[in-house]
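Once you know that position 244 of the sequence shown is 244 in full-length UniProt numbering, the rest is easy, because the numbers rise by one and skip nothing.
Backbone N, C-alpha and C define an ideal beta-carbon position, used for all residues, glycine too.
The next block holds one structure in the form of structure tokens; read it before the comments.
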Amino acid sequence: MQNITTIALSRLVAQQRALDVTATNIANAGTPGFHAERMLFSDWLMRQPAPGLPPGGRVMAYTQDRATYRDTQSGPLTHTGNPLDLAVGADGFFTVQTPRGPRLTRSGHYELSNAGTVVDNEGDALLDVNGRPIQVSTADAALSVTADGTISSENGRIGRIGVVMPDDPQKLKAEGSRQFNADVPTRPVAAPKVIQGAIEESNVKPTVELARMMNDLREFQFASQMVQSEADREQAAIDKITQKRL
Numbered sequence: 001m002q003n004i005t006t007i008a009l010s011r012l013v014a015q016q017r018a019l020d021v022t023a024t025n026i027a028n029a030g031t032p033g034f035h036a037e038r039m040l041f042s043d044w045l046m047r048q049p050a051p052g053l054p055p056g057g058r059v060m061a062y063t064q065d066r067a068t069y070r071d072t073q074s075g076p077l078t079h080t081g082n083p084l085d086l087a088v089g090a091d092g093f094f095t096v097q098t099p100r101g102p103r104l105t106r107s108g109h110y111e112l113s114n115a116g117t118v119v120d121n122e123g124d125a126l127l128d129v130n131g132r133p134i135q136v137s138t139a140d141a142a143l144s145v146t147a148d149g150t151i152s153s154e155n156g157r158i159g160r161i162g163v164v165m166p167d168d169p170q171k172l173k174a175e176g177s178r179q180f181n182a183d184v185p186t187r188p189v190a191a192p193k194v195i196q197g198a199i200e201e202s203n204v205k206p207t208v209e210l211a212r213m214m215n216d217l218r219e220f221q222f223a224s225q226m227v228q229s230e231a232d233r234e235q236a237a238i239d240k241i242t243q244k245r246l
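Structure, rendered in structure tokens:
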């Protein structure tokens with residue numbers, strides 16, 4: 001029946017989306033600051049009246065992927081000893097200046113550019129609480145960062161790293177695997193917990209994601225087989241009708 005095919009196809013599309021999300025998580029298991037994504041499914045019922053059926057008709061169940069949400073649990077910390085490796089120990093994001101504008105990130109590997117600007121691997125400048133790049137003088141040799149984000153050297157205070165929190169982190173739009181579009185309302189974190197000499201790793205658990213992918217594959221194959229079986233059944237019925245007419 002056409003309804004069986006429609007139901008199976010709805011499940012097939014949802015499982016394909018789930019496979020894509022899980023594959024992205026696995027691919028970023030080693031990306032510092034990456035937070036895994038999850039799928040939110042819903043099953044909705046619809047009554048279809050038809051001749052010979054009880055009042056109310058047949059109940060049809062369809063599957064739909066409603067949304068993707070982000071697992072905001074922090075990843076484990078790796079202590080590197082690098083004075084410009086930074087991690088946000090609680091809620092919050094760093095802000096970096098990219099060619100596309102400010103972007104939020106929890107990826108914390110930074111270094112000094114030739115001009116003395118604190119930048120990430122892409123050359124994007126880390127911003128302070130006033131939204132300005134942080135500049136370090138060539139005379140500043142020993143850098144220290146306190147929990148509130150204040151960066152200093154043996155010559156005194158240099159600035160304070162900005163740590164912000166979106167009003168709704170789930171509305172952040174990922175750009176690549178490390179950054180988020182900052183075009184959402186944010187507020188400064190009153191008491192940030194910046195950790196110097198450490199990097200937050202991805203919160204993806206590879207073994208869990210692999211098990212989830214195997215389950216998604218089984219569901220996908222089951223739905224595919226259902227679609228194919230229904231197509232074969234319909235073709236067999238058409239062949240019988242054609243043979244009778246001949």
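What does DSSP give as the partner residues of residue i in its beta bridges?
i              : result
arginine 103   : Val96, Asn181
glycine 159    : Ile151
isoleucine 195 : Ala87
valine 118     : Leu112
proline 169    : Proline 169 is not bridged to any residue.
arginine 38    : Tyr69
Would you tell me roughly how many angstroms separate the C-alpha atoms of residue i and residue j, rounded to the nearest one?
i                : j              : result
alanine 190      : arginine 11    : 45 angstroms
valine 163       : valine 194     : 9 angstroms
threonine 105    : threonine 98   : 11 angstroms
glycine 57       : alanine 174    : Because glycine 57 sits at a pLDDT of 48, beneath the cut-off of 50, its placement in the model cannot be relied upon, and the point is left open.
valine 67        : alanine 211    : Rather than valine, the amino acid found at residue 67 in this sequence is alanine. Those two C-alpha atoms are separated by around 21 angstroms.
valine 119       : proline 32     : 15 angstroms
arginine 157     : proline 169    : 31 angstroms
valine 21        : alanine 223    : 18 angstroms
methionine 226   : aspartate 239  : 20 angstroms
arginine 100     : glutamine 228  : 46 angstroms
alanine 231      : glycine 131    : 59 angstroms
valine 13        : arginine 38    : 16 angstroms
methionine 214   : valine 129     : 45 angstroms
arginine 103     : arginine 233   : 53 angstroms
glycine 176      : glutamate 154  : 37 angstroms
methionine 165   : isoleucine 151 : 20 angstroms
threonine 80     : serine 107     : 14 angstroms
threonine 186    : proline 206    : 31 angstroms
glutamine 196    : alanine 87     : 7 angstroms
phenylalanine 94 : threonine 78   : 18 angstroms
Output the boundary residues of the beta strand (DSSP E) element that contains residue i.
i            : result
glutamine 73 : Looking at the DSSP string, glutamine 73 is not in any beta strand (DSSP E), and its letter there is neither H nor E.
proline 188  : 186-188
Any heavy atom of the ligand PLP closer than 8 angstroms to the CB of residue i?
i          : result
lysine 205 : As for the ligand PLP, it is missing from this structure, which has no ligand bound.
So is residue i buried or exposed if we call it buried at 16+ other beta carbons inside 10 Å?
i              : result
leucine 40     : exposed
valine 208     : exposed
asparagine 114 : exposed
glutamine 179  : buried
histidine 35   : buried
threonine 242  : exposed
tyrosine 69    : exposed
arginine 160   : buried
asparagine 25  : buried
alanine 142    : exposed
serine 137     : exposed
aspartate 183  : exposed
alanine 236    : exposed
aspartate 85   : buried
asparagine 203 : buried
isoleucine 7   : buried
glutamate 200  : buried
Would you say residue i faces chain B, with C-beta separation under 9 angstroms as the test?
i            : result
glutamine 97 : Note that chain B does not occur in the displayed structure, where there is just one protein chain.
Validate contact between the stretch 65-74 and the stretch 143-156 using beta carbons, cut 8 angstroms, 3 pairs: no
Quick check: the stretch 123-137 against the stretch 216-223, are there 3 or more CB pairs under 8 angstroms? no
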